[in-house]
Amino acid sequence: MQDDDKQISIRVGFGDHVKELQVVLPNGDIPPYQPGDKFELVGQSRSRVDAIAKVTGRAKYTYDQSPPRMLHARILRCPHPNANVLSVDLEKARSMPGVKAVLSFADAFRQNSVRFAWDGVAAVAAETELQAEEAVRAIEVQYEPLAFCVTREDAMAEFAPQVGRRNQKNTGRIYPRTPRRRGGGVDEEKLAEMLQRMEDDEKLVAELLGESDKVIEGEFDTQVQTHSPLETHGVVCDWDGDHLIAHVSTQGTFGAQWEATHPRGAVRAESAQILCEYIGGGFGAKTSLGREGVAGALLAKSAGRPVKLMLDRREEHTSTGNRPDSQQQLKMGVNKDGTIVAFKARSWGTAGNGLGGAGAHNDNIYDLGAIDKVEYGVRTNCGGARALRAPGWPQGAFALEAMMDKAAAAIGMDPIEFRKKNDSHAIRPHQYDRAAEMIDWKTKRSAKASSDPKKRGVGIASSMWFASGGGGARVLVRIHRNGTVQVRNGAQDIGTGTRTIMGMVAAEELGLDLAQVQTFIGNTDDPRGPTSGGSTTAPTITPAARLAAHRAKEELLDLVAEKHDWDRSDLDLASGNVVRKDGQPLATKVSFKDACELISDDTIETVANRPVFGRRRPNYEGFSDTNAGVQCAEVEVDTETGEVKVLKVVAVQDAGKVINPLLAESQVSGGIVQGVSYALFERRIMDRQEGRMVNADFEGYKILGSVDCPEIEVELFDVYNGKNNTSVMGLGEPPVVATAAAVANAVSHAIGERIESLPITPAKVLSALERKERRG
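In terms of this note's numbering, the sequence shown opens at residue 47 and continues consecutively.
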């Protein structure tokens, strides 16, 4: 506790489950929203402030930017999955009509090899798109093709070829997750400790599994899922001397700015302004400037003109990252009373030619007893992994939740009761009951089998997340003498409604309606904001916005109190007026606009940092570290065709204090749509002979369409967690964690046979039914 911090008493919890805590309030911050607080705006469903701009086409995305004299750029992609680049001849392309700049990736990125098909080799900027495409085809490249492997199974074979330069012969393709030393290399001391701990865990778990009443085993596979945002990756770049101005379709405006200006980077701008007022979807892969961004900036610098470089759909599927696949071998020891005593997990996943991101979170959510877990990454000649909405969680939840159902069946316990038995979370046990009620669990689980070839089933799965936000965000609130209010932050709104809830918490603090507040976002000339990753944006920005608005309010009320000779401590703002905190009328009515006329310097301007609440964690007990969710799915399976149709998904979700229920429900629904798509349709298909992705378009790469969408019912738990002054927690990723697992469990219930790989295709359903029939 620092000298200026103070200890306060707050109330936290949800519904009837509320308790009082003594917590440390960081210096300069205000107490968090608490149960019983009266709100005029927070907690109301309001349309997005940018809704009309989006539906009318006024919203301008990166793809829509067309500055005067703009050039169009294209990237030459390598057809080989593994090759050394011996030479790149740009002269023919350079001399073609309309070409204004050419670029070799060997020069820009010091890259003299390609490790997956459709990796970049060179780029061209020309007057028209057609000229750029023709110039790209004129570039002459000499390759030395090398042996390759593009599937996890091939890469794990005994004599599989090397992937990447860091690998040693054979064994280097498969690598365990090991502690790294600062500056690179393996930390030998920590590695020894880790290996000893792993050995001890393995012995303990083996012993406990041997003593368990039941041991359940399962092997599960999940597929590679690629990114499918409406707007592909891309940039529109221009220069003013050494100052870069770039419209970027990004989830991290300030991260892109850092990349563009870093002295050891490829762009090395003296300064940079990154703009992203609107983005057409970003689910984890758009957190960096990307090679397309760097190429666009360098081409613009070389040409002395603006350059637009937007990827096409094939490039988006192959070159911008993916959710890795997984093979998971699990064992669970369970006693007859329903207690899980031990859990063993081995998993292998491929992050393509990268070195990380292929883990599966299959040891979280429940109380699993002693745990023995080892994860392996497997390198292949495919595009590397990047974050994709809840990295590692959907694949891990799919396997874990199947094991929970199998264990419940083995001891004759209802799947929900088994989960409640092994779940100590403060919120989720209450969510089980509500989700079961919403889906009519008891009736549908006990329904008698019919002769109809279309079978129905229901399944359940859980989620958790850790998004209470971080430090570093700054929000500016500016009150003008004419009564207008601006709220500004330079981070991006990737579609979650950040600009709306940022405005709502500021308007609430100022006693105004949302329509009276102008919100600005997506410009790095404004105060710093976070990258949209890990569901941290809302819980990082809203506390700073509330605090900045509070400080602006304090300054404004000081002016009112001085003008009317009133006691400042009695005053507040509500419903567009200055009011007394005790509810008594003021001697003179003063509206917000009247108060603003007292501003002598034209504006009141305050900037507030998002305070860091790390010191609260030890005090918090139940509600601090994670937010929780439960989903139930109802499916119909046609046993004659194998087709699976998801009829309904109910989701009960906690996101801390809900600022705008409409936007929160939209986030949950979006996660469910993506989760159903992952469960039934999406998969990258690689040609093992040619080493290329064969379905890199929306004809071959199937995603959930409107006719496939289930009925979705969302119920939000409003939780006052005290983690920050708005009690907000992130909601972007948690809703996608449980969906595929719930769908898979519902399919298993419907047909009486478990499918242990995703996606659940008709062929897999029919194969499972054949298996069941052979077994009798």
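All C-beta atoms, glycine included, are put in the ideal place defined by N, C-alpha and C. Bear in mind that the values here come from a model prediction, so they are computed numbers and not experimental data.
Length-filtered (3 minimum) beta strand (DSSP E) runs lying within the stretch 404-445: 416-424
Gly716 versus Glu643: straight-line alpha-carbon distance, rounded: 44 Å
Nearest neighbour of Ala7, chosen from Arg161, Leu593, Arg183 [CA to CA]: Because the chain is modelled from 47 through 822, residue 7 falls outside the range shown and cannot be assessed.
Helix, strand or coil at Gln214 [DSSP, three-state]: Note on Gln214: pLDDT 40, under 50, position unreliable in the model; the coordinate value appears next. Note: Gln214 maps to coil in three-state DSSP.
8 Å CB neighbourhood of Ser621 in its chain, flanking five on each side removed: Glu86, Gly557
8 Å contact criterion, which Gly384 and Phe464 should meet: CB distance rounded: 5 Å
Buried or exposed (CB count within 10 angstroms, at least 16 for buried), Lys769: buried
Rounded Cβ spacing between Gly442 and His476 (contact assumed at less than 8 Å): Between His476 and Gly442 the Cβ distance is about 24 Å, and since that is not below 8 Å, they are no contact.
Supposed contact pair Ala654 and Ala594 - C-beta distance, whole angstroms, cut 8 Å: 4 Å
Phe763 burial status per 10 Å Cβ neighbour count (16 or more: buried): buried
Cβ neighbour criterion (16 or more within 10 Å) applied to Ile98: exposed
Residue range of the alpha helix (DSSP H) that includes Arg474: 474-485
Through-space distance from Lys748 to His363, alpha-carbon basis: 12 Å
Three-way DSSP call (helix, strand, coil) for Pro664 in this model: At Pro664, the pLDDT of 38 sits below 50, so the modelled position is not reliable; the number obtained from the coordinates is stated separately. Three-state result, Pro664: helix.
Alpha-carbon to alpha-carbon, Val765 and Pro207: 52 Å
Span separating the alpha-carbon of Asn427 from that of Val160: 9 Å
Assigned secondary structure, Glu240 (DSSP; H/G/I helix, E/B strand, else coil): It should be noted that the sequence gives Met, not Glu, for residue 240. Three-state DSSP puts Met240 in a helix.
Gln157 versus Glu305 - alpha carbon distance: 18 Å
Separation of Thr108 from Ile325, as counted between CA atoms: 7 Å
Contacts around Ser514, its chain only, beta-carbon distance under 6 Å, and the 5 residues preceding and following it disregarded: Pro585, Lys769, Met775
Asn158 (DSSP reduced to helix, strand or coil): coil
Cβ contact check for the stretch 488-505 and the stretch 796-807: 3 or more pairs under 8 Å: yes
6 Å CB neighbourhood of Lys354 in its chain, flanking five on each side removed: Met116, His118, Val282
Three CB pairs or more closer than 8 Å across the stretch 597-615 and the stretch 315-330: no
DSSP-derived helix/strand/coil call for Arg820: helix
When Ala493, Ser646, Lys377, Leu357 are compared against Glu447, the one with the closest alpha-carbon: Lys377
With 16 other Cβ atoms within 10 Å as the buried cut-off, status of Ile54: exposed
Buried versus exposed, by CB contacts within 10 Å (16 or more), Arg198: buried
CB-CB length for Asn767 against Val58, believed under 8 Å: 6 Å
Helix, strand or coil at His279 [DSSP, three-state]: coil
Cβ-Cβ distance between Glu190 and Asn130 below 7 Å: yes
Counted within 10 angstroms of its Cβ, other Cβ atoms place Glu600 as buried (16 or more) or exposed: exposed
His471, buried or exposed, once every other Cβ within 10 Å from all chains shown has been counted against 16: buried
Assigned exposure category for Arg310 - 16 Cβ within 10 Å defines buried: exposed
Contact under 7 Å by Cβ, Ala519 with Gly568: no
Minimum C-alpha distance to Ile473 - residue among Asp418, Arg800, Ile411: Ile411
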